[in-house]
Amino acid sequence: MAGLRPHSCGHCDKLIFNAADLIFKWDKPVIRVKGVAVLEGALDGCELLKEHITSELLQEAAIFRRDGRDLLDLGVPVLDICFEPHGGNAVDITGVDINTPHSSSFWSVHAEANDPAAAFVSTRPVNRDLQQFTKLPFQPKRLIDTTQAHQGIIRLLSRTVQSSVLTGDMIYAALSYCWGQGKTQPGRTTTANVRYISFDLSTQPKTIQDAVEVTRKLGICRLWIDSLCIIQDDEDDKASQIGEMHKIYASSILTISAARAGDSDEGFLSRCWPASRAVRLRYQTPNQLAGSVVLSKYFGQNSEPIHKRAWTLQEHLLSVRLLIFSVHGLRWSCRTEKKHNGSQFVPDFARNIAEQLSKRGKIPSAQQLATGFRDWVTWHEIVAEFRRRALTFPGDRLPALAAIAAKYSEAVNGQYLAGLWEPTIHRDLLWAVYATDDEVSIRDQHAHFPTWSWASVSGTIDWGFMPHKRYPSTITLLQSDVVPANALAPFGQVSMGALH
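Residue numbering for the sequence shown follows the numbering used here, starting at 1 and increasing by one per position.
Written out as structure tokens, the structure reads:
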């Protein structure tokens, strides 16, 4: 990892993962550090050990040391460094749980390619990206030209020819961001201004200005942004573009994710709060070679604004590459790399679904859907995660998930039924509302959702019980009548729906 200078000190140097002499706890290899050693390391500035000592205790320990008193009298408990093996292989460690009775943290682990530990530890700081394409899979109807952005001008380009030849000026980036609840949209594309082509960049929200700057500095000339590339007051244009959303994000060279910005006026290039420094630990290989591994503290992503917005779920899952501007700095994620820059973990469900969506063969066939118990659980996971996120307009429940539905439909030999699938209708109908103390589930009265669809109610949705494949369903779907509200968006809003 370029520029990575992991912390290492005399205290870290005593913490050796010795593959030939492992101590196990809960079936996992463990290094146990005595409480006094934890305090001494924290006082001496050890990045790893001071993470697990409160500032109050550290101040008290400093007084004890100054006065020559025994740190043992402070009664600090032991610290367990518990390694997470990969696939049952005790020496292939991918993560570390560090626990005391009062604190807990998780750190991801990788070995650098030229280190002896790399023969046994499979994760690396950055792996090569295998998703490169030589032909342009899809060109959006409109793109923003950033070549004159240094003069304060951006231009709206309209597609005239669908080309399959990939050239430098045809590749484009896409933006995933939060507009902001209840905010007006100045400077957006409408039927009145679409013919003017050019926009004054200074009139655009700060997040869009930042995205243009990042795109230019990456050497990319084209950028797709929903507020500018979709005619906002043209329902047919909106419907057709929502219908192509799965192609737009999947075909972009990368997606810029303004993860840290709560609305479009915040921007995402201002000062961030960097995460803890990486820490290097010694790693003794099974053949007794001296190597090392690097630990990077994991920071959850769910607290970032972008992961609270429903529309951005499909944007992230469908993107081949993500350049994520987060609260703790810059992260990188691609389909073949399971860690972000800094070894940040991608949530398991998101990583697995992204892999399925990227490879058609990974999506279950209609026969598998009809017979398998676990084959289709990922669709339920997507819907459950989607419904945990905020959506300004209840009528967008189906449109905001339409891109993922369109992608799944490529491999499913069956009709999409307002958020459910014909081959698994007997399972998909088992959704339930899990309203929390802070929310009350109500049935939507304004949109034309069929009552049997999870889209018809507010609140958190999940599938608590799934029948085992040994117990076949006794229901038979005789006929389904689901009519899209707009023929240009077959996976979007519906005008009516009935099952027989």
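Even glycine gets a Cβ: it sits at the ideal position worked out from N, Cα and C.
From residue i to residue j, what does the alpha carbon distance come to, in whole angstroms?
i	j	result
Gln232	Leu488	16 Å
Lys338	Ser108	With a pLDDT of only 43 at Lys338, under the threshold of 50, the placement of this residue in the model should not be trusted; the figure read from the coordinates follows. Distance between the alpha carbons of Lys338 and Ser108: 11 Å.
Phe268	Phe199	21 Å
Cys9	Val33	15 Å
Val96	Glu84	6 Å
Pro394	Ile154	33 Å
Phe325	Ile475	48 Å
Asp226	Leu49	46 Å
Pro6	Val279	5 Å
Asp428	Leu420	6 Å
Arg142	Leu39	59 Å
Ile248	Leu401	14 Å
Ala258	Pro286	44 Å
Ile220	Glu47	38 Å
Pro399	Lys238	10 Å
Trp379	Leu223	30 Å
Cys178	Ile230	16 Å
Phe349	Glu385	Low per-residue confidence applies at Phe349: pLDDT is 47, beneath 50, and the placement is therefore not dependable enough to give any value.
Ile382	Ile461	10 Å
Asp570	Gly459	Residue 570 cannot be examined here, being either before or after the span of the chain that is shown, 1 to 500.
Arg504	Lys14	What is shown of the chain runs 1 to 500, which leaves residue 504 out entirely.
Asp396	Ser104	39 Å
Asp481	Leu318	29 Å
Val494	Ala455	11 Å
Leu499	Arg389	28 Å
Arg69	Ala61	9 Å
His448	Phe491	14 Å
For the alpha helix (DSSP H) that contains residue i, what are its first and last residues?
i	result
Thr207	Lys206 to Lys217
Asp145	Where Asp145 is concerned, there is no enclosing alpha helix (DSSP H), although the beta strand (DSSP E) it sits in stretches over Arg142 to Asp145.
Ser55	Ser55 to Arg66
Ser104	First-last for Ser104: Ser103 to His110, but that is the beta strand (DSSP E), not the alpha helix (DSSP H).
Thr203	It is not in any alpha helix (DSSP H) - Thr203 carries neither H nor E in the DSSP assignment.
For residue i and residue j, which I take to be in contact (beta-carbon distance under 8 Å), what is that distance rounded to the nearest angstrom?
i	j	result
His316	Ser176	6 Å
Val78	Gly41	The pair is not a contact, with the Cβ atoms about 13 Å apart (cut-off 8 Å).
Glu304	Arg331	Actually they are not in contact, since the Cβ atoms of Glu304 and Arg331 sit about 10 Å apart, beyond 8 Å.
Thr207	Glu266	6 Å
Ile253	Tyr172	7 Å
Ser453	Ala405	Between Ala405 and Ser453 the Cβ distance is about 12 Å, and since that is not below 8 Å, they are no contact.
Gly262	Ser202	Incorrect: roughly 22 Å between the Cβ atoms, too far for contact.
Leu391	Ala485	Not really, about 17 Å apart at Cβ, beyond 8 Å.
Let me know if residue i comes out buried or exposed under the rule of 16 or more other beta-carbons within 10 Å of its beta-carbon.
i	result
Pro450	buried
Ala403	buried
Asp236	exposed
His11	buried
Gly243	buried
Thr123	buried
Val76	buried
Gln139	buried
Gly464	exposed
Ile197	exposed
Val483	exposed
Ala37	buried
Thr407	Reading off the sequence shown, one finds Lys at residue 407, where the question assumed Thr. Buried, because 16 or more other Cβ atoms sit within 10 Å of the Cβ of Lys407.
Leu322	buried
Gly45	exposed
Asp67	exposed
What are the boundary residues of the beta strand (DSSP E) that includes residue i?
i	result
Tyr172	Tyr172 to Ser176
Gly35	Here Gly35 belongs to no beta strand (DSSP E); instead the alpha helix (DSSP H) covers Gly35 to Leu43.
Gly541	Residue coverage of the chain in this structure runs from 1 to 500, which leaves residue 541 outside it and unanswerable.
Arg222	Arg222 to Trp224
Arg321	Arg321 to Ser326
Gln284	Val279 to Gln284
Taking 6 Å as the cut-off, does the CB of residue i come closer than this to any heavy atom belonging to the ligand FMN?
i	result
Asn89	With respect to small molecules bound, the structure shown includes none, and the ligand FMN cannot be examined in it.
Legend entry - Touching by the beta-carbon criterion (3+ pairs, under 8 Å), the stretch 110-119 and the stretch 286-297: yes
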